[in-house]
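Presented below is the structure to which this report refers.
Residue numbers (this note's numbering), protein chains in the order written: chain R, 1 to 291; chain Z, 1 to 443.
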């Protein structure tokens, strides 16, 4: 009885020792030398694996960061400049402060503004509906409202509003990873500067048709009249293919363009109300339809 | 009786207009002729705003290998060349012409006499087909001259003529076979000469016994043309299904029918070839079935290309009150129109008016794994798997499951007891997979 026990202990220990020796040499032979900074950097990254940096995941981004000598082209939109500063300090590099971005839905074709003309009862997929036709409002560039952007979002930052049928981006949750930008078959969503106090001005339309046909489908379409271009004191607005576009790098949020827009296609977000209550600047307007 | 082996469904036939003779639709006041009317590259306009055109005048030239010429279907004044809404609602370039009189090009032979003597050589026939803008009239509008110009080293053995018309409701091809059988037969002989084949088969489903009998009588002097009656089954009009049904040969995955020595053309195309080669008449009109359960007079109309769809419906008795959908094509593969101002194009085989209740889809339920879609798929694919892969963006896997072999016949969606939009997702997946494959080739 005792003998069996001793024998078992000895033989198992012997196997263990032999395996350990073999494993030691194997480990030596196939050792992968990895920069220890990769682990340090990836610890600092958010770990969302969203792909917003353009790489396959946070680990791949960390490897890329450690490899590169200049961080100006690399940015983690989720972590923002705080994380990038920490990363830069680990790597001993400098990083520029980047203004945070946010996804902006450039379509205001709600059920009121762009009334339904057709019924679509096919698959719940914007990509398919886009390939099939113009969608329910008849606007060839308008939001289809079937939620490809919602499916693509990993951060619960976008939802389809039941009233308007349009996507709404949450200012708190959106990290500007750009997943919805890629998911939208009509390129309606754009990453724009978040702006001071979340204030933004943008043309909420991507329709490149001439004024008449564009207006036929949607009363808040950009008709390409060019009034805003003339009004802008900073040359921030360009008019290409019957569509105005506000360059967020040049725009100083002076609010001169929005009142001159005849269709109300230019939206001002999170600004205090003008005129009516000049004494109370705290009230914010969320997605005003006509400003 | 022969048919294809795997899959297939039996939708109700509902050929309401089968015994209605082909009528000539009166000329419209205006026509809209889209510049891109066939598969492949769009054609380039050869006229300008304000020009006066005659019937049969070339208005757009197909310049790349897969593209076709477009001719004016009316005489009158070109009012604009502009982007006009097509059947999907998107704007595509088109020529708008105000109709004035009916003046034809002198070169066109308008006499009704049959000209059955063939003098043209193979090269001349193909040239003529290209010049006259003939495209496949079955629905896919593939330029016919491309199909006839065989690549080096390939040889066709059989010419297959598609007289199946397996889509429910549609009767245009049926009427063409009955009323213009002689012309169709001459067209087939022209196609045979162009391809240098010894044998041609005309595949007709046996729900058209009058057409089978009529063509069999006409084929007696031509033993090289054989009429093959086929068992009724959808989608027998699919190219690969027809080849399998008639010759028993199976086209390999991803290959063209020429791989098994076959070239398939529609009966409508055969008629257009006859008119182009023997009568010098470009493809400026076609037979369109206008039908629907509630429609007063379901009809077969000979319509000039570019006529607004609304005119056809007006002629057939007006739009019934509870119409839910106006479909261009048949109920299985057709596409709902976004407006009645959309013009008839070379690929319009029918206009179908669906009553309100029938036109709506039920909300999709969960898949119950019954496997019916797999049973009915005529290409032997697994539609539910392909739809799921497409839904989840797994296009590499979908490619391995041969999503590109799908012929989009819609049998899976038709038969699905849970009403799932299978074909919608497969079409999306096919589109994306195709883009993926093309991009791969670039790198």
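The beta carbon of each residue, even a glycine, is placed where N, CA and C say it ideally should be.
Quick check on the burial criterion: 16 or more other C-beta atoms within 10 angstroms. Buried or exposed for residue i?
i                      : result
residue 332 of chain Z : buried
residue 86 of chain Z  : buried
residue 23 of chain R  : exposed
residue 167 of chain Z : buried
residue 437 of chain Z : exposed
residue 124 of chain Z : exposed
residue 425 of chain Z : buried
residue 192 of chain R : buried
residue 68 of chain Z  : buried
residue 142 of chain Z : buried
residue 36 of chain Z  : buried
residue 26 of chain R  : exposed
residue 370 of chain Z : exposed
residue 236 of chain Z : buried
residue 282 of chain R : Interpretation of residue 282 of chain R is limited by its pLDDT of 46, a score under 50 that renders its predicted location unreliable; no figure is taken from the coordinates.
residue 284 of chain R : Bear in mind that a pLDDT of 46 at residue 284 of chain R, under 50, signals an unreliable position, so the model cannot answer this.
residue 269 of chain Z : buried
residue 64 of chain Z  : exposed
residue 346 of chain R : Residue 346 of chain R lies beyond the stretch modelled for chain R, which goes from 1 to 291, so this question has no answer here.
residue 391 of chain Z : buried
List, in chain order, every chain Z residue whose beta-carbon is nearer than 9 angstroms to that of residue i.
i                     : result
residue 11 of chain R : Correct list: empty, because the minimum Cβ distance to chain Z is about 49 angstroms.
Just to confirm the assignment, what range does the beta strand (DSSP E) spanning residue i have?
i                      : result
residue 188 of chain R : Element bounds for residue 188 of chain R: n/a, residue is neither H nor E.
residue 495 of chain Z : Only positions 1 to 443 of chain Z appear in this structure, which leaves residue 495 of chain Z out of reach.
residue 265 of chain Z : 262-266
residue 366 of chain Z : Neither: residue 366 of chain Z is in no beta strand (DSSP E) and is coded neither H nor E.
residue 425 of chain Z : That residue, residue 425 of chain Z, is in no beta strand (DSSP E); its alpha helix (DSSP H) goes 422-442.
residue 96 of chain Z  : 91-99
residue 169 of chain R : 167-169
residue 200 of chain R : 200-203
residue 328 of chain Z : 323-328
residue 227 of chain Z : 225-230
residue 203 of chain Z : 199-205
residue 61 of chain Z  : 58-61
Grab the span of the alpha helix (DSSP H) containing residue i for me, first residue to last.
i                      : result
residue 148 of chain R : 148-152
residue 281 of chain Z : Premise fails: residue 281 of chain Z is in no alpha helix (DSSP H) and is neither H nor E.
residue 395 of chain Z : 395-400
residue 414 of chain Z : 411-415
residue 175 of chain Z : 172-179
residue 217 of chain R : 211-217
residue 155 of chain Z : Run containing residue 155 of chain Z: none; DSSP gives neither H nor E here.
residue 32 of chain Z  : Per DSSP, residue 32 of chain Z belongs to no alpha helix (DSSP H); it is in the beta strand (DSSP E), 30-34.
residue 61 of chain R  : 58-67
residue 268 of chain R : Per DSSP, residue 268 of chain R belongs to no alpha helix (DSSP H); it is in the beta strand (DSSP E), 266-269.
residue 84 of chain R  : 80-91
Using a cut-off of 9 angstroms between C-beta atoms, extract the partners of residue i located in chain R.
i                      : result
residue 91 of chain Z  : 140, 209, 213
residue 338 of chain Z : 117, 118, 133, 134, 138
Applying a beta-carbon distance threshold of less than 8 angstroms, which residues of chain R neighbour residue i?
i                      : result
residue 361 of chain Z : 121, 122
residue 88 of chain Z  : 132, 133, 134
Using a cut-off of 8 angstroms between C-beta atoms, extract the partners of residue i located in chain Z.
i                      : result
residue 125 of chain R : 391, 424, 425, 428
Could you tell me how far apart the beta carbons of residue i and residue j are, in whole angstroms, since I believe they sit closer than 8 angstroms?
i                      : j                      : result
residue 200 of chain Z : residue 2 of chain Z   : Contact flag wrong, Cβ pair sits at about 16 angstroms.
residue 227 of chain Z : residue 219 of chain Z : 6 angstroms
residue 75 of chain Z  : residue 102 of chain Z : 6 angstroms
residue 265 of chain R : residue 205 of chain R : 5 angstroms
residue 103 of chain R : residue 176 of chain R : 6 angstroms
residue 125 of chain R : residue 428 of chain Z : 6 angstroms
residue 260 of chain R : residue 228 of chain R : 6 angstroms
residue 244 of chain R : residue 218 of chain R : Not confirmed; about 15 angstroms, so no contact.
residue 162 of chain R : residue 150 of chain R : Actually they are not in contact, since the Cβ atoms of residue 162 of chain R and residue 150 of chain R sit about 13 angstroms apart, beyond 8 angstroms.
residue 96 of chain R  : residue 68 of chain R  : In fact, because the Cβ distance is near 14 angstroms, the residues do not count as touching under 8 angstroms.
residue 195 of chain Z : residue 159 of chain Z : 6 angstroms
residue 66 of chain R  : residue 32 of chain R  : Contact doesn't hold; Cβ gap of about 15 angstroms is too wide.
residue 22 of chain Z  : residue 306 of chain Z : No, residue 22 of chain Z and residue 306 of chain Z are not in contact; Cβ-Cβ is about 19 angstroms, not under 8 angstroms.
Measuring only from the beta carbon, is residue i closer than 6 angstroms to any heavy atom that is part of the ligand SAH?
i                      : result
residue 280 of chain Z : Although the ligand SAH was asked about, the structure shown includes no ligands whatsoever.
Give a yes or no on whether the minimum CB-CB distance between residue i and chain A is below 7 angstroms.
i                      : result
residue 153 of chain R : Considering every chain present, this structure includes no chain A. Its protein chains are R and Z.
*Listed in chain order, which residues of the region 61-81 of chain R have Cβ atoms closer than 7 angstroms to some Cβ of chain Z?*
Listed in sequence order: no entries.
*Contact set between the region 155-176 of chain R and chain Z, restricted to residues whose Cβ is under 7 angstroms from the partner*: none
_Interface positions of the region 422-439 of chain Z facing chain R (Cβ-Cβ less than 8 angstroms), listed along the chain_ = For the region 422-439 of chain Z, the residues whose beta carbon sits under 8 angstroms from a beta carbon of chain R are, in order, 424, 425, 427, 428, 431, 432.
*Taking a Cβ distance cut-off of 7 angstroms, strictly less, list which residues of the region 127-147 of chain R are near chain Z, in chain order.*
Residues 127, 128, 131, 132, 133, 134, 138, 140.
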